[in-house]
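Following the working numbering, the numbering of the sequence shown begins with 120 at its first residue and continues without gaps. Please read the structure below before turning to the comments.
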Amino acid sequence: MWGLFEADNDNKDVNKIIKAFFTQEETDSQWREYALCSQTNPTAFFPEKGGSTKDAKKVCTNCVVKSECLAYAIENDVRFGIWGGKSERERRKIKNANKKSIALAS
Ligand code: SF4
């Protein structure tokens with residue numbers, strides 16, 4: 120599950136609280152309710168090609184559902200935008216690294 124709840128997240132205590140109150144199925148669908156980007160300008164998360172991702176990534180840094188968001192984007196092969204503080208290129212690198220780890224482990 121791409122480290123759901125275990126990825127690098129500065130808000131691990133909040134994640135533990137969320138996890139304690141919801142079942143896995145509920146957290147899979149309810150993490151969006153805690154998305155910090157919903158309180159900001161969404162266009163910053165979908166910059167034009169070559170545009171800055173700095174503002175969006177700064178928001179993601181403080182988002183309590185950063186790991187869930189990143190896991191969702193990787194699992195669903197989302198191609199555009201900043202998700203979980205990562206660009207499409209960064210998410211692709213993570214996915215490829217995970218594939219290599221799995222291949223080496225088997
Ligand atoms: S990690 Fe970033 S893109 Fe994902 S929900 Fe949080 S603020 Fe939005």
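Even glycine gets a Cβ: it sits at the ideal position worked out from N, Cα and C.
Item	Value
Report whether the distance from the Cβ of Lys168 to the nearest heavy atom of the ligand SF4 is below 7 Å.	no
Which partner residues does Thr202 have in the DSSP bridge list?	It should be pointed out that residue 202 corresponds to Trp in this sequence rather than to Thr. Answer by DSSP bridge pairing, in chain order: Lys205.
Taking any heavy atom of the ligand SF4 as the mark, which residues have a C-beta closer than 6 Å to it, listed down the chain?	Ala154, Leu155, Cys156, Phe164, Val178, Cys179, Cys182, Val184, Lys185, Cys188, Ile201, Trp202, Gly203, Gly204
By a C-beta neighbour count over all protein chains shown, 10 Å radius and 16 as the cutoff for buried, is Gly204 buried or exposed?	buried
Alpha helix (DSSP H) containing Val274: first to last residue?	The shown model of the chain, from 120 to 225, leaves out residue 274, and the question about it has no answer.
Helix or strand or just coil, what does DSSP make of Pro161?	helix
According to DSSP, simplified to helix, strand and coil, what is Asn220?	What sits at residue 220 in the sequence shown is Ser, not Asn. In this structure, Ser220 counts as helix in the three-state DSSP scheme.
Taking Asn181 as the reference, give the member of Ser206, Arg208, Tyr153 with the closest Cα.	Tyr153
Can you give the Cα-Cα distance for Leu189 and Arg210, rounded to whole angstroms?	8 Å
Indicate whether Thr159 and Val183 have their beta-carbon atoms separated by less than 8 Å.	no
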